[in-house]
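**Student:**
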Amino acid sequence: MIIGVMTANLHLQGIFSLKEKRSIVKSVIGRLQSRFNISISEVDHNDSKELAVLGISIVGNDTKFINSQLDSVATFMRNDGRFYLCNVERETFGV
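For any residue, its number in my numbering is found by taking its place in the sequence shown, counting from 1, and adding 644.
#1: At which residues does the beta strand (DSSP E) containing asparagine 653 begin and terminate?
#2: Just checking my contact of serine 661 with lysine 708 at CB under 8 Å: how many whole Å lie between their CB atoms?
#3: Identify, in the order they occur along the chain, each residue of the same chain with its Cβ nearer than 8 Å to the Cβ of cysteine 730, setting aside the five sequence neighbours on each side.
#4: In angstroms with no decimal places, state the Cα-to-Cα distance between threonine 651 and arginine 734.
#5: With DSSP as the reference, identify every bridge partner of asparagine 731, one or two as the case may be.
#6: Threshold first: 3 residues or longer. Then list the beta strand (DSSP E) segments lying entirely within the segment 662-695, N to C.
#7: What residues are listed by DSSP as bridge partners for threonine 736?
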């Protein structure tokens, strides 16, 4: 079993309320879940209007597939024009 874990730091500019931020984050989470079948959640900076940290995990049996999926998730987020993807950290574990 291979587990891929990624944290993605999002910077949202021009956001004036937590409600607006949560709407964007919830939309991104839903789109990523449906497109890539991953586990994802906002894990930090919940009360900040400009920052969000998403935790993402994928489980599989092929390291190449896991890395490919994580690359695709990062590319998908970079192409979303509502925020800037500041920092991405990822790790793969074999169990």
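For glycine and all other residues, C-beta sits at the position ideal for the given N, C-alpha and C.
**Tutor:** In brief:
#1: 646-655
#2: Rounded, the Cβ-Cβ distance is 42 Å, inconsistent with contact.
#3: Asn653, Leu654, His655
#4: 6 Å
#5: Asn653
#6: 683-688
#7: Gly648
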